[in-house]
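Worksheet: the structure to be examined is printed underneath.
In the working numbering, the protein residues as written are 1 to 65.
Spelled out as structure tokens, the structure:
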């Protein structure tokens, strides 16, 4: 577990499984991961878009959530 959970060694497997994927420090203090709603992804240039040089090419499909 992360440094932010010093008690992690004391938690049962069932409890740890319910905490998987949660990192409030990376989500502005929110407990659950945010849902990304987007329909537009910006690229530095048209050439980058055509070459698909980016993590995402369409915001509603394949975004982090």
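Even glycine gets a Cβ: it sits at the ideal position worked out from N, Cα and C. The structure presented is a predicted model; accordingly, all values stated were derived computationally and were not measured.
Residue i versus residue j: straight-line alpha-carbon distance, rounded
i          : j          : result
residue 21 : residue 37 : 19 Å
residue 44 : residue 12 : 46 Å
residue 10 : residue 27 : 25 Å
residue 52 : residue 39 : 16 Å
Proximity of residue i and residue j at Cβ, strictly below 9 Å
i          : j          : result
residue 24 : residue 31 : yes
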